[in-house]
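Numbering (the working numbering), first residue to last: 2 to 176.
Just so it is clear, CB atoms sit at the ideal spot from N, CA and C, and this is done for glycine as well.
None of these values were measured; they are calculated from a predicted model.
Written below as structure tokens is the structure these notes are about.
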Ligand code: IMP
Ligand code: MG
């Protein structure tokens with residue numbers, strides 16, 4: 002199947018942004034003596050996480066979590082189910098949650114609630130892309146790559162029906 006794809010954010014722009022985010026993250030955690038752990042939400046964050054962690058000089062661990070969002074009951078209220086939990090402990094550590102894209106913010110706000118109960122030293126958010134016009138819940142995103150309009154995008158980890166994650170740029174597809 003061929004699909005029409007328009008480049009929205011080029012490989013070069015992404016790579017430059019990742020380096021910039023890495024420097025900001027290093028500066029932010031420079032004076033903390035706590036252990037730093039990057040938590041990637043599978044599967045979308047994998048490509049971003051792989052590049053981002055190599056742009057951070059401070060020593061850190063990587064951990065991953067899979068959650069699924071679903072509409073609960075007959076209301077539009079949402080809940081998230083943990084499909085794969087972290088392998089390690091986060092108590093007393095500096096936690097940086099790494100996401101591919103924030104849309105409504107529902108998934109991430111629930112994930113933060115869950116992680117907060119485990120008493121980390123701090124929790125911050127880093128997302129490559131945000132669609133602010135779609136936000137239903139306010140989130141304080143400390144490290145942001147790009148803000149985009151409400152268009153469906155794929156590539157650099159982002160999928161459509163589990164495909165196109167491997168594309169090295171972010172493209173807009175006509176659905
Ligand atoms: P939220 O809970 O609405 O913020 O959901 C965010 C999740 O929706 C992301 O982690 C993606 O999996 C998915 N998503 C939202 N917008 C897009 C898009 O444009 N392309 C691919 N996935 C998207
Ligand atoms: Mg996702």
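So if DSSP puts residue i in a beta bridge, which residue, or which two residues, is it bridged to?
i           : result
residue 130 : 102, 147
residue 6   : 174
residue 154 : 173
residue 124 : 96
residue 64  : 40
residue 85  : 67
What did DSSP end up calling residue i once you bin it into helix, strand or coil?
i           : result
residue 110 : helix
residue 116 : helix
residue 162 : coil
Where do the ends of the alpha helix (DSSP H) carrying residue i lie?
i           : result
residue 23  : 12-30
residue 140 : That residue, residue 140, is in no alpha helix (DSSP H); it is neither H nor E in DSSP.
residue 48  : 47-55
Which residues in the same chain as residue i place their Cβ atom closer than 8 Å to its Cβ, once the five residues preceding and following it in sequence are excluded?
i           : result
residue 77  : Its pLDDT being 41, under 50, residue 77 is placed unreliably by the model, and the measurement read from it follows with that caveat. Counting only Cβ-Cβ distances below 8 Å, and skipping sequence neighbours, we find nothing.
residue 24  : 56
residue 16  : 52
residue 153 : 161, 173, 174, 176
residue 54  : 39, 61, 63
Any beta-carbon of chain C closer than 9 Å to the one on residue i?
i          : result
residue 36 : Of the protein chains in the structure, only one exists, and it is not chain C.
Once the 5 residues before and after residue i are set aside, which same chain residues still bring their CB inside 7 Å of it?
i           : result
residue 59  : 27, 30, 37
residue 122 : 35, 93, 94, 95
residue 104 : 132, 135
residue 47  : 41, 158
residue 81  : 68, 69, 70, 108, 111, 112
residue 119 : 91, 92
residue 87  : 40, 64, 66
For residue i, which residues from the same chain have a beta carbon less than 6 Å from its beta carbon, with the 5 sequence-adjacent residues on both sides left out?
i           : result
residue 165 : 155, 156
residue 125 : 97, 143
residue 170 : 8, 11, 12, 156
residue 141 : none
residue 50  : 41, 99
residue 18  : 146
Terminal residues of the continuous beta strand (DSSP E) containing residue i?
i          : result
residue 42 : 37-43
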